[in-house]
Amino acid sequence: MRQEKKIDCPAVIELIGVEKVFGRQRVLDGVDLRVCEGTTTVIVGASGEGKSVILKHMLGLMRPDAGRVEIFGRDITQASARELKAVRRDFGVLFQNVALFDSMTIFDNVALPLRERTKERPQQIAVRVEELLQMMDLPGAATKYPAQLSGGMQKRVGLARALALDPKIVFFDEPTTGLDVLKSNEIYRLFHHTQAKLGYTAVIVSHDVPKIFKLSDHVALLAEGVIQGQLTPEEFQRSENPLIRDFVETTMGLIYSSEREEAALQ
Ligand SMILES: Nc1ncnc2c1ncn2[C@@H]1O[C@H](COP(=O)(O)OP(=O)(O)O)[C@@H](O)[C@H]1O
Ligand SMILES: [Mg+2]
Numbered sequence: 159m160r161q162e163k164k165i166d167c168p169a170v171i172e173l174i175g176v177e178k179v180f181g182r183q184r185v186l187d188g189v190d191l192r193v194c195e196g197t198t199t200v201i202v203g204a205s206g207e208g209k210s211v212i213l214k215h216m217l218g219l220m221r222p223d224a225g226r227v228e229i230f231g232r233d234i235t236q237a238s239a240r241e242l243k244a245v246r247r248d249f250g251v252l253f254q255n256v257a258l259f260d261s262m263t264i265f266d267n268v269a270l271p272l273r274e275r276t277k278e279r280p281q282q283i284a285v286r287v288e289e290l291l292q293m294m295d296l297p298g299a300a301t302k303y304p305a306q307l308s309g310g311m312q313k314r315v316g317l318a319r320a321l322a323l324d325p326k327i328v329f330f331d332e333p334t335t336g337l338d339v340l341k342s343n344e345i346y347r348l349f350h351h352t353q354a355k356l357g358y359t360a361v362i363v364s365h366d367v368p369k370i371f372k373l374s375d376h377v378a379l380l381a382e383g384v385i386q387g388q389l390t391p392e393e394f395q396r397s398e399n400p401l402i403r404d405f406v407e408t409t410m411g412l413i414y415s416s417e418r419e420e421a422a423l424q
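In terms of my numbering, the sequence shown opens at residue 159 and continues consecutively.
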């Protein structure tokens, strides 16, 4: 079954009929997805369905076999490496494995994109890094090394770095993997807070459906190679699409157990 309705909004990202085949495996079979400006869109779906593959198409790291990927109205599927680089200038990325540099301090990790991609002077960079660490609730972390921080703090450093260049779109792929419920919620609160403050558009791939539901404007289920509906959380939970219903029924159990787990931890 295809999408139930078309979302009408100024789009910053639009996937139109995107297909991707690996060998004999058809992973994306005509994905249509529209990400509205300033909103949070969450892509959910079982493991191995192709959620990360969708993100890689948005980032221009993969090219589709058919279909278009438009970023700010521009088809990037035919873009040159140089053009892609310019498009990515507006992107912030936080992936599952945060990929901090172990041998660099937190300060240097966050400063890295500013040093590499801007002409700002050391003094300005220092002010910006301090501001980002404050925003992520990481006072005093600047001189530490990643190994000295907890998993949750490392993710927050990753978020600070992802936001360093004031991106227009931020991509998160399973950003809370490995964190317990409280720490995951803390990360999502920070997303929400920084998004409200900075106004970026967020695309999140997550299996933390319960919490992420509450923070999202649209939820899109990827199943059988297509988006089964890009809906508000309320619409999603009421959808009559059998695949969405299945998904909701499975994850509703998770909502209760997650709330119990959270209550037990508090
Ligand atoms: N570069 C690649 N080459 C071959 N197969 C790939 C590649 N990237 C992803 N796949 C396959 O595509 C499917 C979807 O992967 P992925 O997007 O990582 O799933 P998930 O929804 O868990 O993020 C998987 O079966 C994976 O093995
Ligand atoms: Mg993935």
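All residues carry an ideal CB built from backbone N, CA and C; glycine is no exception.
For residue i, the residue or residues it bridges with in DSSP
i      : result
CYS194 : ALA169
ILE370 : ILE370 pairs with nothing; no bridge assigned.
PHE329 : VAL251 and VAL361
LYS178 : LEU186
ARG226 : ILE174
ILE385 : LEU380
Where residue i falls, given that 16 or more other Cβ within 10 Å makes a residue buried
i      : result
PHE106 : Any property of residue 106 remains undetermined from this structure, which presents the chain solely from 159 to 424.
PHE180 : exposed
HIS351 : exposed
ARG160 : Model confidence at ARG160 stands at a pLDDT of 48, short of 50, so the residue's coordinates are unreliable and nothing is read from them.
ASP404 : exposed
CYS194 : buried
ALA360 : buried
VAL287 : buried
ARG396 : exposed
ASN343 : buried
THR198 : buried
GLU274 : exposed
ASN255 : exposed
ASP331 : buried
SER374 : buried
ARG314 : buried
Proximity winner among the options, relative to residue i (alpha-carbon distances)
i      : options                           : result
GLN236 : THR199, ALA244 and ARG226         : ARG226
SER238 : GLY218, PHE371, GLN306 and ARG319 : GLY218
ALA244 : LYS326, ALA269, GLN282 and ILE345 : LYS326
ILE362 : GLY309, PRO333 and GLY231         : PRO333
PRO297 : ASP233, PHE265 and ASP190         : PHE265
ILE234 : HIS215, PHE249 and ASP248         : HIS215
MET294 : GLN312, ALA318 and ARG286         : ALA318
ARG183 : GLU207, THR390, ASP166 and VAL200 : Before going on, a small fix: residue 183 reads as Gln here, not Arg. With distances taken between Cα atoms, GLN183 lies closest to GLU207.
LYS341 : GLY316, SER308 and LEU321         : SER308
ALA305 : ALA169, ALA257 and GLY250         : ALA257
ILE385 : LEU323, SER374, ARG221 and ASN399 : ASN399
SER210 : PRO391, GLU393, VAL406 and LEU380 : LEU380
VAL185 : SER205, LEU401 and VAL170         : SER205
ASP166 : ARG192, LEU173 and GLY188         : ARG192
GLY387 : ASP187, VAL170 and ILE201         : ILE201
ASP324 : LEU213, PHE249 and ARG279         : PHE249
ILE370 : LEU356, THR390 and LYS355         : THR390
ALA299 : ILE212, GLN281 and MET262         : MET262
Considering only heavy atoms of ligand 1 and the C-beta of each residue, which residues fall inside 5 Å, strictly closer?
PHE180, VAL185, SER205, GLY206, GLU207, GLY208, LYS209, SER210 and VAL211
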